[in-house]
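Here it is in structure tokens:
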């Protein structure tokens, strides 16, 4: 009886902690299976909560998946935020180091984030597209503020397109790296850095 009471006590989480737990479970499940093959019942069972409690946090499966996508996007944006006054080349290397460390440590969440574009639900896809647009804006602002790359913004549509293409390239490289690659994190970082500098030169 004492053991069971202790177990129940350990499972009692704050609202914020419970929401984070559910999103972590969702990130793993959505990274392993297509959107249509993930069931809310699975999430509730793994998290050790009732379906009713899960629906209290997320009224629909679409809301849940959208929250997973937004969570991963916010994490990546915060970790790779530009530092004023630091040259873009230095920030690129440091930002990619941080980004790739995150990709390794949160592989499930990273895969789940990029599965969103293949989801049949248009609302979920819009969340994903907004997240990518935020990443694009963050990179463009850092480049525009840099003395070396700022002048390129006279041709802003070209630079924007180049950055958008680079984001797709980096995503593809990272997903392949997670699947099976002999490249080290440093080699992947250098590959992605050279690619961005090449397309905006």
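Residue numbers (the working numbering): 654 to 854.
In this text, a Cβ means the ideal position worked out from N, Cα and C, and glycines have one as well.
For residue j and residue i, believed in contact at Cβ under 8 angstroms, the rounded distance
{"i": "residue 762", "j": "residue 680", "result": "4 angstroms"}
{"i": "residue 842", "j": "residue 785", "result": "Not confirmed; about 20 angstroms, so no contact."}
{"i": "residue 777", "j": "residue 722", "result": "7 angstroms"}
{"i": "residue 846", "j": "residue 746", "result": "6 angstroms"}
{"i": "residue 801", "j": "residue 741", "result": "7 angstroms"}
{"i": "residue 849", "j": "residue 767", "result": "So it is not a contact: roughly 18 angstroms between Cβ atoms."}
Environment of residue i [buried if 16+ CB atoms lie within 10 Å]
{"i": "residue 732", "result": "exposed"}
{"i": "residue 782", "result": "exposed"}
{"i": "residue 692", "result": "exposed"}
{"i": "residue 748", "result": "buried"}
{"i": "residue 799", "result": "buried"}
{"i": "residue 796", "result": "buried"}
{"i": "residue 684", "result": "buried"}
{"i": "residue 709", "result": "exposed"}
{"i": "residue 823", "result": "buried"}
DSSP-derived helix/strand/coil call for residue i
{"i": "residue 857", "result": "Any property of residue 857 remains undetermined from this structure, which presents the chain solely from 654 to 854."}
{"i": "residue 692", "result": "coil"}
{"i": "residue 702", "result": "coil"}
{"i": "residue 658", "result": "Any reading at residue 658 must be qualified, since the residue scores a pLDDT of 40, below 50, and its modelled position is unreliable; no value is offered."}
{"i": "residue 757", "result": "helix"}
{"i": "residue 683", "result": "helix"}
{"i": "residue 844", "result": "helix"}
{"i": "residue 711", "result": "coil"}
{"i": "residue 766", "result": "helix"}
{"i": "residue 670", "result": "helix"}
{"i": "residue 802", "result": "coil"}
{"i": "residue 738", "result": "coil"}
Limits of the alpha helix (DSSP H) - the one that residue i falls within
{"i": "residue 722", "result": "714-732"}
{"i": "residue 807", "result": "Neither: residue 807 is in no alpha helix (DSSP H) and is coded neither H nor E."}
{"i": "residue 777", "result": "775-797"}
Residue i Cβ short of 6 angstroms to the ligand MN heavy atom set
{"i": "residue 842", "result": "Ligands in the displayed structure: none, and consequently the ligand MN is not present."}
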